[in-house]
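Numbering (the UniProt record's numbering), first residue to last: 1 to 541. A short worksheet on the structure shown next.
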């Protein structure tokens, strides 16, 4: 352990190229990523990212473009993402659980010029299924009909069929590009350039792209790194997906800012995670509560050495009441915290260092540095201590707005710059936030947001469905799962059952969005204008 490490602070860089250059100089030989048998030092990371950037330039993907990234947690994901951001290309991460139709919609909406994917992940041909789905958007397009802006398809895997090119061929093409072009492009990247576009379906069921600049994404990650006391000696197991803000900004980027070592997990299994904790001496392991309940339920938990574990956040969905105590007393974490955020502001609050376990379990902490928080009543006045109201956020970590959707942006960010989250909470006498409800219909399944409007739109496409209403109901493993109340068209025969509707939904939606229960109704509780009263359905549930 060197003196430089123990005295080093989290980086204040405001762009990706500045961050990587800084860490390559400070921590040249220190491991940045360990993925199985692959170890990449900080100096090597900088060099590899520049090589990837040359690859994009060789393919005609240039600063100002948008790049889709559809892959699990693996070291190439990090290289692909940073290589784009290093030269001013904004990255559009895609959920690996998306159906081909969902992915095609986001690629079309974002007009991505390139797509990097793991074509053989979990035995699925992402490019093959995407070709069929993209055709629904039209016939224009050279690489994929229906996606005219897409010029390049790159796979991280070895099995390649045209028009997809392999990762090795992509890098080989890039080797022919003058390195000075990368240097000039990196120097031109501004802290205000868009770094990523994270799509969230929203209450309308139509994807909305959350725009975040370099300075904002790095501010979010810095707030998390400081709150977790991350240092270069930390070994961070990133189970949360890199395509999600939790794994990307509070995981990958936070680690890089602190000079820590990233251990990516492509697929979560309890055995694999326990083996990694023991063999790599993992110190930092955040995740959704399901991860920790799975560890606690493992029949051979006591056979593993978990004494290296230092810090965790069990966030993104509701946690069992005893979980924090079990994480400290059984798993052995020295500190367990909570945080609150959403795609539009990934880290807004975080538990304070030294917080009592009871208080940390009940609140998500105060606002992080650079962020203001208010809780307001229906008239926009401050609600007061321990009084429910809508949570409003303002500051460095709040998004720029929604991609090419000024109306949606104006609907949530007011004239004074306050972002209206749609979440209900209360502030205690310490300024710590407790999230108590959601104004929006959105619910969270195992850490992933589900918007009922999107599920209801999918159900509406079934020829026998007249109307549906989807709500979230409690689940001991995932926190919440979907329940669909369905009104069928009269006279339709044969009438579908729940299994048929579930199978249909699986062709339209990512698996976490598919309802687990289907309740057939003769009609819905409604208000005077005829709108379905989901509050009544929730009360019934």
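Glycine included, every Cβ here is placed at the ideal spot set by N, Cα and C.
Subject >> Sequence-distant residues of its chain with Cβ nearer than 6 Å to residue 277 (five each side left out) >> reply: 306
Subject >> Run of the alpha helix (DSSP H) containing residue 495, from where it starts to where it stops >> reply: No alpha helix (DSSP H) contains residue 495, which DSSP labels as neither H nor E.
Subject >> the segment 392-405 touching the segment 448-468, judged by at least three CB pairs closer than 8 Å >> reply: no
Subject >> 8 Å Cβ shell around residue 392 - same chain, five flanking residues per side excluded >> reply: 373, 374, 375, 376, 418, 419, 420 and 421
**OP:** Helix, strand or coil for residue 356, going by three-state DSSP, please let me know.
**Re:** coil
Original post:
Between residue 425 and residue 397, which are expected to be in contact by the criterion C-beta below 8 Å, what is the C-beta distance as a whole number of angstroms?
Top reply: Actually they do not touch by this definition, with Cβ atoms about 17 Å apart.
Original post:
In angstroms, rounded to a whole number, what distance separates the CA positions of residue 533 and residue 461?
Top reply: 22 Å
Original post:
Where does residue 88 fall in DSSP's three states?
Top reply: coil
Original post:
If you measure from the beta carbon of residue 253 to each beta carbon in chain B, is any gap under 8 Å?
Top reply: Considering every chain present, this structure includes no chain B. It has just one protein chain.
Subject >> Range covered by the beta strand (DSSP E) that runs through residue 263 >> reply: 261-264
**OP:** Could you check if residue 3 is buried or exposed, using at least 16 other CB atoms within 10 Å of its CB as the buried criterion?
**Re:** Here the model assigns residue 3 a pLDDT of 33, short of 50, so the residue's position is not dependable, and the following value carries that caveat. Result: exposed.
**OP:** Please state whether DSSP places residue 248 in a helix, a strand or coil.
**Re:** helix
**OP:** Give every residue of the same chain whose Cβ lies closer than 7 Å to the Cβ of residue 343, excluding the five residues on either side of it in the sequence, and list them in chain order.
**Re:** 198, 200, 210 and 245
**OP:** Can you check the segment 81-141 for any beta strand (DSSP E) of at least 3 residues that lies completely inside it and give the ranges in chain order?
**Re:** 90-93 and 114-117
Subject >> Start-end ranges of the alpha helix (DSSP H) lying completely within the segment 144-186, minimum 4 residues >> reply: 167-174
Original post:
residue 234 by DSSP, collapsed to three states: which one?
Top reply: coil
Original post:
By how many angstroms is the C-alpha of residue 249 removed from the C-alpha of residue 347?
Top reply: 9 Å
Subject >> Exposure label - residue 492; buried when at least 16 CB within 10 Å >> reply: exposed
**OP:** For residue 106, I'd like the list of residues in its chain whose CB is within less than 7 Å of its CB, leaving aside the five on either flank, ordered along the chain.
**Re:** 92, 94, 199 and 207
Original post:
Helix, strand or coil: which one does DSSP assign to residue 199?
Top reply: strand
Subject >> DSSP-derived helix/strand/coil call for residue 516 >> reply: coil
Subject >> Stretch pair the segment 171-179 + the segment 48-58: three plus CB contacts closer than 8 Å >> reply: yes
**OP:** Could you round the C-beta distance between residue 543 and residue 131 to whole angstroms and report it? I think they count as a contact, below 8 Å.
**Re:** Residue coverage of the chain in this structure runs from 1 to 541, which leaves residue 543 outside it and unanswerable.
**OP:** Compute the beta-carbon to beta-carbon distance between residue 509 and residue 99, rounded to the nearest angstrom, for a pair I have assumed lies under 8 Å.
**Re:** 6 Å
Original post:
When DSSP builds the beta bridges, which residues end up paired with residue 217?
Top reply: Paired residue(s): none; residue 217 is not in a bridge.
**OP:** Compare the C-alpha of residue 61 against each of 390, 114 and 34 and name the closest.
**Re:** 114
Subject >> Assumed close pair residue 512, residue 446 - CB separation to whole angstroms, cut-off 8 Å >> reply: 6 Å
Subject >> Per-residue DSSP class, three states only, for residue 418 >> reply: coil
**OP:** Could you tell me the boundaries of the alpha helix (DSSP H) in which residue 542 lies?
**Re:** Residue 542 lies beyond the range of the chain shown here (1 to 541); nothing can be said about it.
Original post:
residue 25: which of 516, 15 and 47 sits nearest, CA to CA?
Top reply: 47
Original post:
What residue from 232, 289 and 520 has the CA that sits closest to residue 23's CA?
Top reply: 232
**OP:** Tell me whether the beta-carbon of residue 11 lies closer than 8 Å to the beta-carbon of residue 257.
**Re:** yes
Original post:
Candidates 128, 138, 139 and 64: which alpha carbon is nearest residue 154's?
Top reply: 128
Subject >> Helix, strand or coil at residue 338 [DSSP, three-state] >> reply: coil
Original post:
What does a CB cutoff of less than 7 Å around residue 181 pick up in its chain, not counting 5 residues either side in sequence?
Top reply: 57
Original post:
Since residue 399 is in the alpha helix (DSSP H), which residue starts that stretch and which ends it?
Top reply: Run containing residue 399: none; DSSP gives neither H nor E here.
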